[in-house]
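Novice: Pasting a structure below so you can have a look.
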Amino acid sequence: MRLYLIRHGQSTWNAENRVQGHSNPPLSEKGRGQIEKLISRLKREKVEKIIASPLMRAHESARILAKGLAIPCHTKKGLMEIHLGAWEGKRPEEVNRLYNNGYQKWLKAPSKIKIPKAETIAKFRRRAVKAFAEITASETKERVVLVTHGGILAALISHWLKADFDKVLLNIFLENSSLTIVEVLDGRTYLTDINDTCHLHGPHFQEEPPV
């Protein structure tokens, strides 16, 4: 089984540099364009199905792909981004002002930060891993697209590599509309590509790995 994990296109709150979490901003015009550029790439891969986070920025990205690829699209709640409670909707400077330099502390050690009304990172990671396991255990298609969020991708990558979540979240840059690919074989997950954005940079880059 081959899975194509896509971070949603740029949202209006990405463009405004606001904390999103479970909040529900739509894609920006730029974000829709980013996702449309993925269609020809995924056509070459012969993907068969899309499963997406139900949050608008991911679900809208998935619908654009599903229409362009003429394949079914479903949602899975477990693929939603981490819930960031009281921080959602705020810019980093607002979080720092209201929560004792909370955003600056987050950039050093996210797992140690307690955000009011938020999901804990430990619970979030368990949710992400469980959602992925459920998909791979029940899915009958061999080539499946998952449209999700940066936090989910970081949680899964850290799980697959048995790496520290904080280091993965803070040190692996996962761009809007980026493509991360894994192969699942004999119960093991093999990571083959991370943050592939060749589709955003013109046709002369499309057959080459990202630098």
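For the sequence shown, our numbering gives the first residue as 1340, with consecutive numbering after it.
Think of the CB as a built atom: it goes at the ideal place given N, C-alpha and C, for glycine as much as any other residue.
Which term fits G1490, buried or exposed, when burial requires 16 or more other beta carbons within 10 angstroms of its beta carbon?
Specialist: Buried.
Novice: Between the C-alpha atoms of S1350 and A1425, what's the straight-line distance to the nearest angstrom?
Specialist: For S1350 and A1425, the distance between alpha carbons rounds to 20 Å.
Novice: Which class does E1546 belong to by DSSP, given the choice of helix, strand or coil?
Specialist: Note on E1546: pLDDT 40, under 50, position unreliable in the model; no value is reported.
Novice: Looking only at its own chain, which residues have a Cβ that is under 7 Å from the Cβ of L1492, when we skip the five neighbours before and after it?
Specialist: These residues qualify, in order along the chain: L1344, R1346, L1513 and T1519.
Novice: Between the alpha carbons of M1395 and H1488, how many angstroms are there, rounded?
Specialist: Using only the alpha carbons, I get a separation of about 11 Å.
Novice: Kindly indicate the opening and closing residues of the beta strand (DSSP E) around E1522.
Specialist: Looking at the DSSP string, the run of the beta strand (DSSP E) that includes E1522 is L1518 to L1524.
Novice: Please classify K1447: is it buried, with 16 or more other beta-carbons within 10 angstroms of its beta-carbon, or exposed?
Specialist: It counts as exposed.
Novice: Roughly how many angstroms lie between the CA atoms of A1354 and Y1442, to the nearest whole one?
Specialist: If I take the Cα positions, the gap works out to 18 Å.
Novice: Determine the contact status of A1286 and H1422, defining contact as a CB-CB distance below 8 Å.
Specialist: Shown here, the chain extends from 1340 to 1550; a query on residue 1286 therefore has no answer.
Novice: Between which two residues does the beta strand (DSSP E) containing D1532 stretch?
Specialist: Looking at the DSSP string, the run of the beta strand (DSSP E) that includes D1532 is R1527 to D1535.
Novice: Please report the residue range of the alpha helix (DSSP H) in which A1354 lies.
Specialist: It spans T1351 to E1355 - the alpha helix (DSSP H) in which A1354 sits, taken as one unbroken run.
Novice: If you follow the beta strand (DSSP E) that I1390 is part of, which residue opens it and which one closes it?
Specialist: Unbroken beta strand (DSSP E) run through I1390: K1388 to A1391.
Novice: I need the straight-line Cα distance from Q1359 to W1352, nearest angstrom please.
Specialist: One C-alpha to the other measures close to 7 Å.
Novice: Do you know offhand how far I1374's Cα is from S1400's?
Specialist: Roughly 6 Å separates the two Cα atoms.
Novice: Leaving out the 5 sequence neighbours to the left and right, which residues in its chain are closer than 6 Å to K1453 when beta-carbon positions are compared?
Specialist: For K1453, where only same-chain residues beyond five positions count, there are no Cβ hits under 6 Å.
Novice: Applying the 10 Å Cβ sphere with the 16-neighbour rule, what's the burial state of S1516?
Specialist: When all chains shown are included, S1516 counts as buried.
Novice: Give the DSSP-derived three-state secondary structure of V1434 in the structure shown.
Specialist: Of the three classes helix, strand and coil, the one that applies to V1434 here is helix, per DSSP.
Novice: Do you know offhand how far R1380's Cα is from E1368's?
Specialist: Approximately 20 Å between the Cα atoms of the pair.
Novice: Could you give the distance in angstroms between the alpha-carbon of R1371 and the alpha-carbon of V1521?
Specialist: Answer to the nearest angstrom: the Cα atoms are 24 Å apart.
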